[in-house]
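Q:
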Amino acid sequence: MPSEEAPKVAGPVEAAKSVVLFGLFPLLLFRAILVYLPGGIDELVLPFTSISLVMAIVFLASLVFVMWRLGLVTTTGLAVSGSGSVAASVVVVSYLLMLLLPMVLGVFLEGDLSVGQIEYSEDGESITVNILQTTMSDRELEAELVVLQSGSQVWGSTANVTIDSSDGRGEITIQVSEFYSSNALPNSPYTLKVTIDGKEHTRDLTYSTIQWDSSQWTGADALTRDITGVDGIARGVVKEDPDRCSGDAQNCLVGVVMSGWAGLDTGAEYPARMPFADFTVEAVLMEGNDVAIDYPTITVANTVATWDSNGGLFGSGSGYWGDYGSEFAMGGSVFDANFGKYVPKDEFDSAGDYGCYSFIITVSQEGSNSLSDTSYYEYSTSNSNDIWASVSSC
Numbered sequence: 004m005p006s007e008e009a010p011k012v013a014g015p016v017e018a019a020k021s022v023v024l025f026g027l028f029p030l031l032l033f034r035a036i037l038v039y040l041p042g043g044i045d046e047l048v049l050p051f052t053s054i055s056l057v058m059a060i061v062f063l064a065s066l067v068f069v070m071w072r073l074g075l076v077t078t079t080g081l082a083v084s085g086s087g088s089v090a091a092s093v094v095v096v097s098y099l100l101m102l103l104l105p106m107v108l109g110v111f112l113e114g115d116l117s118v119g120q121i122e123y124s125e126d127g128e129s130i131t132v133n134i135l136q137t138t139m140s141d142r143e144l145e146a147e148l149v150v151l152q153s154g155s156q157v158w159g160s161t162a163n164v165t166i167d168s169s170d171g172r173g174e175i176t177i178q179v180s181e182f183y184s185s186n187a188l189p190n191s192p193y194t195l196k197v198t199i200d201g202k203e204h205t206r207d208l209t210y211s212t213i214q215w216d217s218s219q220w221t222g223a224d225a226l227t228r229d230i231t232g233v234d235g236i237a238r239g240v241v242k243e244d245p246d247r248c249s250g251d252a253q254n255c256l257v258g259v260v261m262s263g264w265a266g267l268d269t270g271a272e273y274p275a276r277m278p279f280a281d282f283t284v285e286a287v288l289m290e291g292n293d294v295a296i297d298y299p300t301i302t303v304a305n306t307v308a309t310w311d312s313n314g315g316l317f318g319s320g321s322g323y324w325g326d327y328g329s330e331f332a333m334g335g336s337v338f339d340a341n342f343g344k345y346v347p348k349d350e351f352d353s354a355g356d357y358g359c360y361s362f363i364i365t366v367s368q369e370g371s372n373s374l375s376d377t378s379y380y381e382y383s384t385s386n387s388n389d390i391w392a393s394v395s396s397c
């Protein structure tokens, strides 16, 4: 009975071609498109390693295909002896090189590690530290973080960061609330020290930019959030109004416009704006010992002010405080082209008689003492004209 013919096994040249065409090229292709694969597939890794699951599957699949194509895989097993030994050696050596070359090159071609730009979130509540390094494979690092204000440490911690070999970048996110101590004034700036692999990198936290739709801020703005200046004023709306003036009065007090200022005390007439300060405001107009206007509590976060308008009696119920300035007008139910929205006198909770009035505005922040300002006004009449005048006291 004739002996069975042995399967034909490719030679070393054919083996090298197959490794390049069906081994190296697929690996390079999938490495290039890995980050574009849908469903977060690129983030899947082998358990207990940082090796990409997709690349591991491609590597093994191409190895099996190359060995099958070269006739090294038969129905009886692996044909790696005899005539197949040379081709098998080419395949094994080639795949070992493809497996080990990135690690070997990483030792020699790995770039210097650096700390890039500090980025703030849009609301200023967190910062992202960019760790940069050219590396042939993903790299796990531990970073020591220290924040200083005026040279004194106010916070310290450690964090793990992974340098992604696809873009040479890793990120560490820090919540501002973890290290914030006090306002970042010119004489009290914040700096961040990052120590990785024994090398220390220092970054100033005050110069990074934060872009809003219509405004641009700096890290110094984001790290200045303690209100230090408060002011308030109640302007009398005095004008001819037959519907609201009584008797023979020509110009009468028809209402009051209340405004408040809250921000950074710089020594100027009014405080400077503070777009990243969160605070609440209480405002009340007193007629002697009686409450004339008890304005609803205003809550401000990232310049967005909200309050209960009580069906339009107190303005719209929303606005902006601290975006273009530190002043905020507390609107009422009646609009006037010269005064804006004001609270009419006939909606006062008090009698609205002539006499002395006081306007008290109080600003509160979590974890801080409240700040308040009180101003006084004399409401009187002369020659059939009402007068609303600021005075030093009642």
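Counting from 1 along the sequence shown, just add 3 to a position and that's the residue number in this note's numbering.
Glycine is no exception: its CB is placed at the ideal position from the N, C-alpha and C atoms.
1) Select from VAL233, GLN253, TYR323 and VAL118 the residue whose C-alpha is nearest the C-alpha of SER217.
2) When you compare each of ASP167, GLY159, ASP170 and THR165 to PHE182 by their alpha carbons, which one comes out closest?
3) Suppose the cutoff is 6 Å on Cβ atoms and the five residues either side in sequence are ignored; what does the same chain contact list for SER387 look like?
4) Could you check how far apart the C-beta atoms of SER211 and GLN120 are, in whole angstroms? I think they sit under 8 Å.
5) So the candidates are GLY320, LYS348 and ASP234; which of them puts its Cα closest to the Cα of ASP246?
6) Would VAL76 pass as a contact of GLY14 if the rule is Cβ separation under 8 Å?
7) Of all the options TYR298, PHE282 and THR283, which has the alpha carbon lying nearest to the alpha carbon of ALA289?
8) How should ILE130 be labelled, buried or exposed, when 16 other C-beta atoms within 10 angstroms of its C-beta is the threshold for buried?
9) Using alpha carbons as the reference points, say which of LEU47, TRP71, ALA59 and ALA392 lies closest to TYR357.
10) DSSP has SER129 in a bridge; who is on the other side?
11) Kindly confirm or deny that the segment 271-289 and the segment 232-242 touch, where touching means at least three C-beta pairs closer than 8 Å.
12) Keeping to the same chain, check which residues put their C-beta closer than 6 Å to that of VAL394; ignore five residues upstream and five downstream.
13) Measure how close the beta-carbons of TYR328 and VAL303 come, nearest whole angstrom, since I'm counting them as under 8 Å.
14) Under the DSSP definition of a beta bridge, which residues are partnered with ASP376?
15) Looking only at its own chain, which residues have a Cβ that is under 6 Å from the Cβ of LEU112, when we skip the five neighbours before and after it?
16) Spatial neighbours of PHE338 within its chain, please: C-beta separation below 7 Å, excluding the five flanking residues on both sides.
17) For the alpha helix (DSSP H) that TRP215 lies in, which residues bound it at each end?
18) Apart from the five residues just before and just after GLY173, which ones in its own chain have a Cβ nearer than 6 Å to its Cβ?
19) So, at 6 Å on beta carbons, what are the nonlocal neighbours of GLU147 in its own chain, with the 5 sequence-adjacent residues on each side left out?
20) Identify the continuous alpha helix (DSSP H) that holds MET70 and give its terminal residues.
21) Whole angstroms is fine: what's the gap from GLU145's alpha carbon to PHE33's?
22) So which of SER375, LEU99, SER92 and ASN372 has the shortest CA-CA distance to LEU63?
23) Measure the alpha-carbon distance for SER373 versus GLY171 and round it to whole angstroms.
24) Among residues of its own chain, excluding the 5 on either side of SER180, which ones have a beta-carbon nearer than 6 Å to its beta-carbon?
25) Buried or exposed for CYS397, please, with buried defined as at least 16 other CB atoms from any protein chain shown within 10 angstroms of its CB.
26) Would GLN368 and PHE282 qualify as a contact pair, given that the criterion is a beta-carbon distance under 8 Å?
27) From THR205 to VAL149, what does the alpha carbon distance come to, in whole angstroms?
28) Between the alpha carbons of ALA19 and THR209, how many angstroms are there, rounded?
29) Mind reading off the beta-carbon distance from VAL16 to SER97? Whole number of angstroms is fine, and I expect it under 8 Å.
30) Within its chain, find whatever has a CB closer than 8 Å to the CB of VAL241; leave out the 5 residues flanking it on each side and keep chain order.
31) Go to ARG34, then tell me how far its alpha helix (DSSP H) extends in each direction, as first and last residue.
32) Within a Cβ cutoff of 6 Å, which residues of the same chain sit near GLU128, ignoring the five residues on either side of it in sequence?
33) Which same chain residues end up closer than 6 Å to ARG238 when comparing Cβ atoms and leaving out the 5 residues on each side of it in sequence?
34) Tell me which same chain residues have a C-beta within less than 7 Å of the C-beta of SER184, skipping the five on either side of it?
35) Cα separation between SER375 and ILE363?
A: Taking the definition as stated:
1) As a first step, residue 217 is located in the sequence shown; it is residue number 214 there, counting from the start. Considering only alpha carbons, the answer is TYR323.
2) Here residue 182 is taken as the residue at index 179 of the sequence shown, counted from 1. The residue with the shortest Cα to Cα distance from PHE182 is GLY159.
3) To locate residue 387, count along the sequence shown from 1; it is residue 384. Result list for SER387: ASP251, ALA252 and GLN253, in chain order.
4) Translated into positions along the sequence shown, residue 211 becomes position 208. Translated into positions along the sequence shown, residue 120 becomes position 117. So it is a contact: roughly 7 Å between Cβ atoms.
5) Numbered from its first residue, the sequence shown carries residue 246 at position 243. Taking only the C-alpha atoms, the option nearest ASP246 is LYS348.
6) Here the question's residue 76 lines up with position 73 in the sequence shown. Here the question's residue 14 lines up with position 11 in the sequence shown. No, the Cβ-Cβ distance between VAL76 and GLY14 is not below 8 Å.
7) In the sequence shown, counting from the first residue as 1, residue 289 sits at position 286. Residue 289 is actually Met in this sequence, not Ala. That would be TYR298, whose Cα lies nearest to the Cα of MET289.
8) For this step, residue 130 is matched to residue 127 along the sequence shown. Burial call: buried.
9) On the sequence shown, residue 357 is found 354 positions in, with the first residue counted as 1. When each option's Cα is compared against that of TYR357, the closest is ALA392.
10) Here residue 129 refers to the residue found at position 126 when the sequence shown is read from its first residue. SER129 has GLN178 as its beta-bridge partners, per DSSP.
11) Counting Cβ pairs under 8 Å, three or more are found: they touch.
12) Locating residue 394 in the sequence shown gives position 391, counting from the first residue. Only TYR379 and GLU381 meet the Cβ criterion.
13) Residue numbering aside, residue 328 sits at position 325 when the sequence shown is read from its first letter. Residue numbering aside, residue 303 sits at position 300 when the sequence shown is read from its first letter. The amino acid at residue 328 is misidentified as Tyr; the sequence shows Gly. With 8 Å as the limit, GLY328 and VAL303 do not qualify as a contact, their Cβ atoms being about 13 Å apart.
14) In the sequence shown, counting from the first residue as 1, residue 376 sits at position 373. Answer is ILE364.
15) Counting from one through the sequence shown, the residue named residue 112 turns up at place 109. Reliability fails at LEU112, whose pLDDT of 48 lies under 50, so the model's placement of it is uncertain and the value that follows must be treated cautiously. So no residue of the chain qualifies.
16) As a working mapping, residue 338 is identified with position 335 in the sequence shown. Cβ neighbours of PHE338 beyond the five flanking positions: LYS344.
17) Translated into the one-based positions of the sequence shown, residue 215 becomes position 212. It is not in any alpha helix (DSSP H) - TRP215 carries neither H nor E in the DSSP assignment.
18) Reading the sequence shown from its first residue, position 170 is the one you call residue 173. Within the same chain, GLY173 has close Cβ partners ILE134, VAL164, THR165 and ILE166.
19) Mapped onto the sequence shown, residue 147 falls at position 144. If we look at GLU147 and ignore the five residues flanking it on each side, its Cβ neighbours are THR161 and THR198.
20) What you label residue 70 is simply residue 67 of the sequence shown in a count that begins at 1. Element bounds for MET70: 56-72.
21) As a working note, residue 145 is residue 142 in the sequence shown. As a working note, residue 33 is residue 30 in the sequence shown. Approximately 29 Å between the Cα atoms of the pair.
22) Taking the first residue of the sequence shown as 1, we reach residue 63 at position 60. Closest option to LEU63, Cα to Cα, is LEU99.
23) Taking the first residue of the sequence shown as position 1, residue 373 is located at position 370. Taking the first residue of the sequence shown as position 1, residue 171 is located at position 168. Near 48 Å, if we compare the C-alpha coordinates of GLY171 and SER373.
24) For the purposes of this step, residue 180 is identified with residue 177 of the sequence shown, where counting begins at 1. No residues qualify anywhere along the chain.
25) In the sequence shown, residue 397 corresponds to position 394, counting from 1. Exposed, by the Cβ-count rule.
26) Sequence index remark: in the sequence shown, residue 368 carries index 365 (1-based). Sequence index remark: in the sequence shown, residue 282 carries index 279 (1-based). A contact, by the Cβ cut-off of 8 Å.
27) Mapped onto the sequence shown, residue 205 falls at position 202. Mapped onto the sequence shown, residue 149 falls at position 146. Taking the straight line from one Cα to the other gives about 9 Å.
28) As a working mapping, residue 19 is identified with position 16 in the sequence shown. As a working mapping, residue 209 is identified with position 206 in the sequence shown. Using only the alpha carbons, I get a separation of about 57 Å.
29) One-based indexing of the sequence shown puts residue 16 at position 13. One-based indexing of the sequence shown puts residue 97 at position 94. Their Cβ separation, rounded to whole angstroms, is 13 Å, which puts VAL16 and SER97 out of contact at 8 Å.
30) Position 238 of the sequence shown, counted from the first residue, corresponds to residue 241. Around VAL241: ASN254, CYS255, LEU256, VAL257, ASN388, ASP389, ILE390 and TRP391.
31) Within the sequence shown, residue 34 is the residue found at index 31, counting from 1. Per DSSP, ARG34 belongs to the alpha helix (DSSP H) from 28-36.
32) Walking along the sequence shown from the start, residue 128 turns up at place 125. Contacts found: VAL179.
33) Counting from 1 along the sequence shown, the entry for residue 238 is found at position 235. VAL260.
34) Taking the sequence shown and counting its residues from 1, the one referred to as residue 184 is at position 181. In chain order, GLN152 and VAL157 place their CB closer than 7 Å to the CB of SER184, counting only its own chain and leaving out the 5 sequence neighbours on each side.
35) Within the sequence shown, the letter at position 372 stands for residue 375. Within the sequence shown, the letter at position 360 stands for residue 363. When rounded, the distance between both Cα atoms is 7 Å.
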